[in-house]
Amino acid sequence: MFYMVSYLTCNFLSGPAPKASNQTSLASQGNCFDGASANDKIKCYQSYYNCDIFFQSVPNGSCPNCPAQQSLQDEATCVCTINALKEGAASHNRTKVIGFISGGIALIVCVLIIWWGWSAMKKWKSVKDLWEGPEGIQRFLYQDLSRATNGFDSSHEIGHGGFGKVYCGLVNGKTVAIKRAHESSIQSTAGFCNEVILLSRLHHRNLVRLLGFCEEDKTQILVYEYMPNGNLNTLLFKNKGTEQLDWLKRLDIALGVAQGLDYLHSFADPPVIHRDVKPSNVLLDDNMVAKLSDFGISKVAPEFETEFSTRPAGTIGYIDPQYVLREHLTTASDVYSFGMVLMELVSGQRAIDKTRINDINLVEWVKLTSETEGPRSIIDPRLGEDYPERVYYDMIRLALDCASFETHDRPSMKVVVSILENCRWSVAPHILEPAGDIDEGSFNEKQQEECHLTKSTETISSDDDRSFPSGKII
């Protein structure tokens, strides 16, 4: 009698166990049939089965094929494992690991994004508050100012100086003066901002008004109202005609400059020392009203100091000799510079002129000429006889007082304004009779007393280490 053996081992079968016939023997290890033994039940939930009962090594050393959905685990014992269970578990584990890693990365990215956004918002808010603070001052885009000047073309250039170049351009339908700083004059952002804030606080008829600014890509620009009649230096020394600068206009210009300086010294908050009063910084509007410009090197009160307050204090010929000696600035330093400008207005001579061989400095020339040739020889010959001598002699006396070597001998700008106002309102628009030579009686007693009032004692040190050529400065 023949018996057949049915091999069902390691097939991971479930359900009712098949029944073997009388002539059949059933090999069913490694399955999960109903009613399986406890040992087989445990194996049903394992990730692999040891199938060494069925998969024995054959003589040639190779293992027979594993059942479907199983793969060979060990060639020595022909152990097979179930792919679905193994790969499923591994895949599940990999998914969990990837999930944890992805979640961690996502969390870190979210934290970084939130931190960056907070920092950017804080920085943006800080810049916004910083630059949009000054009321009435516009922040211009560089591209708009570049377009207005045709790329800062030289054909638009109307002036230049130590700070940079000044261009004329049309912005928003209005002609403006665009002052662009040289790379060597670039300040820190904080310093530039402080300068903008300072300039935005200065409002006076005789000061050039700041309209706006620009700071982009290491470029710093200040935008001012445009002065169509240029500057005093050009009108006084480069234009030989006398039409625009008759005696009354010269007096009005002197008074306007004095009023502007008096405002800076007495009414600005904080008080400001201009530091560079000279004809090229006196601009004239379409009505020939004098306006002081170039506050880029102005000196402010100590609590408002920035980098720009340490630049060279003025121009040779207009510099207070006490500053040269002591490197300390006071409002009297501006008074000295104003005295030199007033002398130039009256005489038509430059503050420093090397063609005056023995009297290069204008103060010495005025004193010597007055003594040797009389005061008439000091007056600008382009005026002819068309000027009130008494007023102009008083202006010369005032200029010499302002340009006194000793600080305590100089009047304050408030006193200067008072004297010039008296001169202005004492004359009618016609030529007066000559009043004689310059003497101590040129001022009335009240004015003489005012000239020797206590001067401002505000002193601000400077870090300027600029050296000057030796010679007579008085």
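Residues 1 to 474 (full-length UniProt numbering) make up the sequence shown, in order. The beta carbon of each residue, even a glycine, is placed where N, CA and C say it ideally should be.
Unbroken beta strand (DSSP E) run spanning residue i, endpoints
i	result
Asn-327	Contrary to the premise, residue 327 reads as Glu rather than Asn in this sequence. Glu-327 -> no beta strand (DSSP E), and no H or E assigned at all.
Glu-215	210-216
Expected contact under 8 Å - CB spacing of residue i and residue j to nearest Å
i	j	result
Lys-278	Thr-234	No, Lys-278 and Thr-234 are not in contact; Cβ-Cβ is about 12 Å, not under 8 Å.
Ala-268	Asn-206	Their Cβ separation, rounded to whole angstroms, is 12 Å, which puts Ala-268 and Asn-206 out of contact at 8 Å.
Glu-226	Thr-175	For the record, residue 226 in the displayed sequence is Tyr; it is not Glu. The Cβ separation is near 5 Å, so the contact holds.
Met-340	Tyr-318	5 Å
Thr-416	Leu-398	The question names Thr, yet the displayed sequence has Val at residue 416. Rounded, the Cβ-Cβ distance is 7 Å, consistent with contact.
Val-171	Asp-144	7 Å
Val-196	Ile-137	7 Å
His-265	Met-413	5 Å
residue 486	Ala-254	In the structure displayed, the chain extends from 1 to 474; residue 486 sits before or after that span and is not available.
Tyr-224	Arg-209	7 Å
Phe-140	Phe-213	7 Å
Leu-342	Leu-284	The pair is not a contact, with the Cβ atoms about 16 Å apart (cut-off 8 Å).
Asp-359	Leu-345	The pair is not a contact, with the Cβ atoms about 18 Å apart (cut-off 8 Å).
Gly-161	Asp-294	7 Å
Ala-148	Gly-169	3 Å
Leu-236	Leu-245	6 Å
Leu-292	His-274	7 Å
Asp-286	Asn-194	Rounded, the Cβ-Cβ distance is 32 Å, inconsistent with contact.
Residues bridged to residue i (per DSSP)
i	result
Asn-231	Leu-283
Lys-291	Leu-283
Thr-219	Glu-216
Arg-410	Per DSSP, none; premise fails for Arg-410.
Tyr-224	Ala-177, Leu-210
Glu-157	Tyr-167
Arg-139	Phe-213
Near the ligand NAP: residue i beta-carbon under 7 Å from a heavy atom
i	result
Arg-410	As presented, the structure is devoid of all ligands, the ligand NAP included, so that no description of it is given.
Endpoints, alpha helix (DSSP H) assigned at residue i
i	result
Tyr-263	247-266
Ala-403	Neither: Ala-403 is in no alpha helix (DSSP H) and is coded neither H nor E.
Arg-147	142-148
Below-8 Å beta-carbon distance, residue i vs any chain C residue
i	result
Ile-357	The chain labelled as chain C is not found in the depicted structure, where only one protein chain is given.
*What are the complete alpha helix (DSSP H) segments, minimum 4 residues, inside the region 337-398?*
362-373
*Is it a yes or a no for the region 402-420 touching the region 323-343, going by three-plus beta-carbon pairs under 8 Å?*
yes
_Cβ contact check for the region 177-185 and the region 216-226: 3 or more pairs under 8 Å_ = Yes, they touch.
_Ranges of the beta strand (DSSP E) found wholly within the region 160-195, counting only runs of at least 3_ = 164-171, 174-181
*Within the chosen definition, does the region 389-406 reach the region 259-276 through at least 3 CB pairs nearer than 8 Å?*
no
_Segment contact flag, the region 362-379 with the region 411-429, C-beta cutoff 8 Å, min 3 pairs_ = no
_Cβ contact check for the region 342-360 and the region 372-387: 3 or more pairs under 8 Å_ = Segments in contact, yes.
*Could I get the ranges of all uninterrupted beta strand (DSSP E) runs contained in the region 95-122, with 3 residues as the minimum, in chain order?*
You should have found no qualifying run.
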